[in-house]
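The block underneath contains the structure these notes are about, expressed in structure tokens.
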Amino acid sequence: MAEQKQLSEEEAKKQLRHFFAEMPHPIPLVLFCDPAGKNEPFAEGARQVIRAIRELTDKVTLREYPLDHELAKEWGISRSPTLVFAPEAYKIRWLGAPLGHEAQTFMEALSIIGYQEPGLSKEALKVLAKLDSPRAIKIFVSPTCPYCPLVAVNGIRAAVARPDLITLEIIDILANPDLADKYAAQSVPQAFANEKLVGLGAQPEELFVASLAALEPQRVFIPDSDAEEIACDLVIVGGGPAGLTAGIYASRSGLAAVVVEKGVLGGQVATTPMVENYPGFTQVGGKALVDVMVTHALEYVKIFPGEEVQTIIPGEVFTLTTPRRRYKARAVLLATGAGYKRLGAMGEERLAGRGISYCSNCDGPLFKGKKVIMVGGGDSAVTEALHLDNIGVEVTMVHRRGKLRAQERLLGSLRKSGIPVLFNTELAEILGGTRVEAVRLKNNQTGEESTLPVGGVFIAIGYAPAVKLALSLGAELTPDGYIKKDERHRTTVPGVYSAGDVEGGYKQIVTAVGQGSEAALAIFEDLINPYWIKQKKG
Ligand code: NAP
846 MAEQKQLSEE
856 EAKKQLRHFF
866 AEMPHPIPLV
876 LFCDPAGKNE
886 PFAEGARQVI
896 RAIRELTDKV
906 TLREYPLDHE
916 LAKEWGISRS
926 PTLVFAPEAY
936 KIRWLGAPLG
946 HEAQTFMEAL
956 SIIGYQEPGL
966 SKEALKVLAK
976 LDSPRAIKIF
986 VSPTCPYCPL
996 VAVNGIRAAV
1006 ARPDLITLEI
1016 IDILANPDLA
1026 DKYAAQSVPQ
1036 AFANEKLVGL
1046 GAQPEELFVA
1056 SLAALEPQRV
1066 FIPDSDAEEI
1076 ACDLVIVGGG
1086 PAGLTAGIYA
1096 SRSGLAAVVV
1106 EKGVLGGQVA
1116 TTPMVENYPG
1126 FTQVGGKALV
1136 DVMVTHALEY
1146 VKIFPGEEVQ
1156 TIIPGEVFTL
1166 TTPRRRYKAR
1176 AVLLATGAGY
1186 KRLGAMGEER
1196 LAGRGISYCS
1206 NCDGPLFKGK
1216 KVIMVGGGDS
1226 AVTEALHLDN
1236 IGVEVTMVHR
1246 RGKLRAQERL
1256 LGSLRKSGIP
1266 VLFNTELAEI
1276 LGGTRVEAVR
1286 LKNNQTGEES
1296 TLPVGGVFIA
1306 IGYAPAVKLA
1316 LSLGAELTPD
1326 GYIKKDERHR
1336 TTVPGVYSAG
1346 DVEGGYKQIV
1356 TAVGQGSEAA
1366 LAIFEDLINP
1376 YWIKQKKG
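Basically my numbering = 1-based index in the sequence shown + 845.
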């Protein structure tokens, strides 16, 4: 048995020797340590691992310096042990020793660096190629964590793919408990980029690089496409709940459909702090719900986010143009949703982005501990005021009527929260030099005016339908400004349909989803048997 083990070790060493012999690039390693410090056992661990590798190859070299050496100062190294990989080519450092499961990461690192091959998928490389500003990655790992090598290796691959922009520190939490504490990295693996958490737990490489690019954890990866022209049956404009559902239904009916979204997938839901009335979820964060919908839709339909449809030329075949490509389709579904309504108060435009916000979920944390007002009296205003209160913002609601129009359940939560409401009050002016400092309020019953010092103004007074494309096609609107459509979601332009908030009505996630499914089924039936041809014939 012992002989057998010896043989297999010999065989493994032979293979490793061969692997290193084939490696085209040498790997200089530089180890910084403090021989008198408490982390010397980690440094000794690192030395032993490297010594074992050096017995197999001379392509890996090791220089060692004490932490007070001037090179440590020059490179900004202050922790023992710090292992630096191929410093002339990359900025990859290991704070700790490659022991336990981390030995696997170390071998992968040698392979990636020695072959100078990131080994990332084409999709992941595309994301990294688009990176245009630096990313300083920190990945917290521990030798006993079997998931850590996956994330640490993703970091190494990214740092090798973009050495011009990416620096990497792999941080062993056993050797650096103070750093783990500072970053509240109480579980591993955890990845930070530019001091922001970008990954908690193991992530596939595409999600890792997408999170790195976005500087926040991503749960859905949508591959990029280079195609200049895409031909299909149906282009769905808008990737909110209506558009995504239409994509699923259209594809399941057998139509080749694509979803094109100019901004964030999920529309308004993506910025809704909490959703409590979507069947199947008693309480779900808006973004989490969107991620589930997008993941589901991707099973069926291609999604093109971040592309604005600028023109639609009608015809037998519609031509839709975005800054990136053209789409040719037999039908178009406008699920363009609605945008935030502006109040039109004095100072609103001048101080835009300087203390005025239309999205409490996005900007709320910036106002923690500050006094703000929330203007509006509907479901959005109350939901968002509750969210602000919940995260420690001192919020007062300002409503132009004597009664809020939000749902009873939300009103109950509002009463419980104790958030003050100023009724019959209008926001007359937003005051401040370079940022919001106060608001001038007017009681529309008494005419009395008052000034309230605040650090922020949140506005949630409803949405204006996004009908620009519909108008460009010559589609008729309703008197309220929504797209006019029939019960099959046909607009007044043959081959053009609508779904979701752009149609008006109840504007709930469930109604948007219902409209998306209905529209897709109607389009499927119409494309088999086009009503516009029948109309032409007479
Ligand atoms: P909304 O229901 O249209 O309410 C807008 C609120 O803003 C109303 O209270 C309105 O006052 C006020 N307002 C409008 N223009 C104003 C102005 N110029 N100055 C001052 N106040 C003004 O809009 P929403 O709350 O954004 O809701 C939109 C849709 O989404 C609704 O169908 C809603 O049910 C739905 N939604 C649902 C949920 C949920 O179910 N959890 C959450 C968010 C939104 P008046 O009352 O005087 O008209």
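C-beta atoms are modelled at their ideal positions from N, C-alpha and C, and glycine is treated no differently. Treat the numbers as computed from the prediction; the structure is a model and nothing was measured.
**OP:** If I'm right that L1233 touches F1163 with Cβ under 8 Å, what's the distance once you round it to whole angstroms?
**Re:** Position 388 of the sequence shown holds residue 1233. Position 318 of the sequence shown holds residue 1163. Contact flag wrong, Cβ pair sits at about 43 Å.
Original post:
In chain order, what residues of the same chain lie with their CB nearer than 7 Å to the CB of K1186, ignoring the 5 residues before and after it?
Top reply: Position 341 of the sequence shown, counting from 1, holds the residue named residue 1186. Contacts found: I1306, G1307, Y1308 and A1309.
Subject >> Nearest-angstrom Cβ-Cβ length linking L1256 and V1227, presumed shorter than 8 Å >> reply: Here residue 1256 refers to the residue found at position 411 of the sequence shown. Here residue 1227 refers to the residue found at position 382 of the sequence shown. Contact flag correct, Cβ pair sits at about 7 Å.
**OP:** Run the proximity test for G1111: is its beta-carbon closer than 7 Å to any non-hydrogen atom belonging to the ligand NAP?
**Re:** Here the question's residue 1111 lines up with position 266 in the sequence shown. Not so, every heavy atom of the ligand NAP lies at least 7 Å from the Cβ.
Original post:
If you run the structure through DSSP and keep just helix, strand and coil, what is S987?
Top reply: To locate residue 987, count along the sequence shown from 1; it is residue 142. Here S987 sits in coil by DSSP.
**OP:** Kindly list the residues whose CB is nearer than 6 Å to the CB of A942, restricted to its own chain and excluding five residues on each side of it in sequence; keep chain order.
**Re:** Mapped onto the sequence shown, residue 942 falls at position 97. Counting only Cβ-Cβ distances below 6 Å, and skipping sequence neighbours, we find F887, G890 and A891.
**OP:** Would you mind sorting E1321 into buried or exposed? The rule is 16 or more other CB atoms within 10 Å of its CB.
**Re:** Your numbering for residue 1321 matches position 476 in the sequence shown. Exposed, by the Cβ-count rule.
Original post:
Taking the C-alpha atoms as reference points, what is the distance between V1240 and P1210?
Top reply: Taking the sequence shown and counting its residues from 1, one reaches residue 1240 at position 395. Taking the sequence shown and counting its residues from 1, one reaches residue 1210 at position 365. Rounded to the nearest angstrom, the two C-alpha atoms are 13 Å apart.
Original post:
What residues are listed by DSSP as bridge partners for N1289?
Top reply: Within the sequence shown, residue 1289 is the residue found at index 444, counting from 1. N1289 is not bridged to any residue.
Original post:
Assuming A954 and F985 make a contact with CB atoms under 8 Å, what is their CB distance in whole Å?
Top reply: Counted from its first residue, the sequence shown places residue 954 at position 109. Counted from its first residue, the sequence shown places residue 985 at position 140. The beta-carbon separation of A954 and F985, rounded to 16 Å, does not stay under the 8 Å limit for a contact.
**OP:** Check whether the region 1167 to 1176 touches the region 1142 to 1158, taking contact to mean three or more Cβ pairs, one atom from each stretch, closer than 8 Å.
**Re:** yes
Original post:
Got a sec, what are the start and stop residues for the alpha helix (DSSP H) S1225 sits in?
Top reply: By 1-based counting over the sequence shown, the position of residue 1225 is 380. Going by DSSP, S1225 is part of the alpha helix (DSSP H) stretching over D1224 to N1235.
Original post:
Is G1223 near the ligand NAP, judged by its Cβ being under 7 Å from some heavy atom?
Top reply: For the purposes of this step, residue 1223 is taken as residue 378 along the sequence shown, with counting starting at 1. Yes, the Cβ of G1223 comes within 7 Å of a heavy atom of the ligand NAP.
Subject >> Supposed contact pair V1243 and L1179 - C-beta distance, whole angstroms, cut 8 Å >> reply: Counting from 1 along the sequence shown, the entry for residue 1179 is found at position 334. Counting from 1 along the sequence shown, the entry for residue 1243 is found at position 398. Actually they are not in contact, since the Cβ atoms of L1179 and V1243 sit about 34 Å apart, beyond 8 Å.
Original post:
How close, in whole Å, do the beta carbons of L1143 and V1281 come, if the pair is a contact with beta carbons under 8 Å?
Top reply: Looking up residue 1143 in the sequence shown gives position 298. Looking up residue 1281 in the sequence shown gives position 436. In fact, because the Cβ distance is near 40 Å, the residues do not count as touching under 8 Å.
Original post:
Helix, strand or coil: which one does DSSP assign to L1079?
Top reply: Within the sequence shown, the letter at position 234 stands for residue 1079. L1079: strand per DSSP, three-state reduction.
Original post:
Between the C-alpha atoms of F1066 and Q1290, what's the straight-line distance to the nearest angstrom?
Top reply: The sequence position of residue 1066 within the sequence shown is 221, counting from 1. The sequence position of residue 1290 within the sequence shown is 445, counting from 1. Approximately 53 Å between the Cα atoms of the pair.
Subject >> Sub-8 Å separation of D1069 and K971 beta-carbons >> reply: Locating residue 1069 in the sequence shown gives position 224, where the first residue counts as 1. Locating residue 971 in the sequence shown gives position 126, where the first residue counts as 1. It is a contact, given that the beta carbons lie within the stated cut-off.
Original post:
How is Y1327 classed by DSSP in three states: helix, strand or coil?
Top reply: On the sequence shown, residue 1327 is found 482 positions in, with the first residue counted as 1. Note: Y1327 maps to coil in three-state DSSP.
Original post:
Assuming F865 and S1098 make a contact with CB atoms under 8 Å, what is their CB distance in whole Å?
Top reply: The count along the sequence shown starts at 1 and reaches residue 865 at position 20. The count along the sequence shown starts at 1 and reaches residue 1098 at position 253. With 8 Å as the limit, F865 and S1098 do not qualify as a contact, their Cβ atoms being about 56 Å apart.
Original post:
Considering only residues of the region 1287 to 1370, which uninterrupted beta strand (DSSP E) runs meet the minimum length of 3 residues and lie entirely inside it, listed in chain order?
Top reply: 1294 to 1298, 1301 to 1304, 1308 to 1310 and 1341 to 1343
**OP:** Could you check which residue in G1349, E1193 and G1182 has the C-alpha nearest to that of L1276?
**Re:** As a first step, residue 1276 must be located in the sequence shown, where it is residue number 431. Among G1349, E1193 and G1182, the Cα nearest to that of L1276 is on E1193.
Original post:
Within the 8 Å Cβ cut-off, does P1210 reach chain C?
Top reply: Looking at the structure shown, chain C is missing, and only one protein chain is on hand.
Original post:
Which residue comes first and which comes last in the beta strand (DSSP E) that contains G890?
Top reply: Taking the sequence shown and counting its residues from 1, the one referred to as residue 890 is at position 45. Unbroken run through G890 is the alpha helix (DSSP H), E885 to R899; no beta strand (DSSP E).
**OP:** Take D1078 and list the residues in its own chain whose beta-carbon comes closer than 7 Å to its own, dropping the five residues that flank it on each side.
**Re:** Counted from its first residue, the sequence shown places residue 1078 at position 233. Excluding positions up to five away in sequence, the list reads L1100, A1101, A1102, A1174, R1175, A1176 and L1372.
Subject >> Terminal residues of the beta strand (DSSP E) in which K1173 lies >> reply: For the purposes of this step, residue 1173 is taken as residue 328 along the sequence shown, with counting starting at 1. First-last of the beta strand (DSSP E) with K1173: R1171 to L1179.
Original post:
For the ligand NAP, any of its heavy atoms closer than 7 Å to the Cβ of E1438?
Top reply: There is no way to answer for residue 1438, as the model of the chain reaches only from 846 to 1383.
Original post:
Going along the chain, which residues of its own chain have a beta-carbon closer than 6 Å to the beta-carbon of A1020, five neighbours each way excluded?
Top reply: The residue labelled residue 1020 in the question sits at position 175 within the sequence shown. Counting only Cβ-Cβ distances below 6 Å, and skipping sequence neighbours, we find N884, F887 and G941.
Subject >> Rounded straight-line distance, which links the Cα of A1133 to that of A1030 >> reply: If you number the sequence shown from 1, residue 1030 lands on position 185. If you number the sequence shown from 1, residue 1133 lands on position 288. Cα to Cα, the separation comes out at about 23 Å.
Original post:
Do the region 1331 to 1351 and the region 1309 to 1318 touch if we need at least three Cβ pairs shorter than 8 Å?
Top reply: yes
**OP:** Check the C-beta distance from L976 over to R1007 and give it rounded, since I have them as a contact under 8 Å.
**Re:** The sequence position of residue 976 within the sequence shown is 131, counting from 1. The sequence position of residue 1007 within the sequence shown is 162, counting from 1. The Cβ separation is near 6 Å, so the contact holds.
Original post:
What is the C-beta distance between Q1048 and N999, in whole angstroms, given that I count them as a contact (C-beta under 8 Å)?
Top reply: In the sequence shown, residue 1048 corresponds to position 203, counting from 1. In the sequence shown, residue 999 corresponds to position 154, counting from 1. Indeed they touch by this definition, with Cβ atoms about 7 Å apart.
**OP:** Could you tell me which residues DSSP puts in a beta bridge with M1191?
**Re:** Translated into the one-based positions of the sequence shown, residue 1191 becomes position 346. In the DSSP output, where bridge partners are listed per residue, M1191 has E1274.
Original post:
Going along the chain, which residues of its own chain have a beta-carbon closer than 7 Å to the beta-carbon of I1354, five neighbours each way excluded?
Top reply: Here residue 1354 is taken as the residue at index 509 of the sequence shown, counted from 1. So the qualifying residues of the chain are P1086, V1114, V1120 and Y1123.
Original post:
Got a sec? Which residues, its chain only, sit under 6 Å from G1112 by beta carbon, not counting five neighbours each side?
Top reply: By one-based count along the sequence shown, residue 1112 stands at place 267. The answer, listed in chain order, is G1085 and G1182.
Original post:
Is the Cβ-Cβ distance between G1046 and P988 less than 8 Å?
Top reply: As a first step, residue 1046 is located in the sequence shown; it is residue number 201 there, counting from the start. As a first step, residue 988 is located in the sequence shown; it is residue number 143 there, counting from the start. Not closer than 8 Å, so no.
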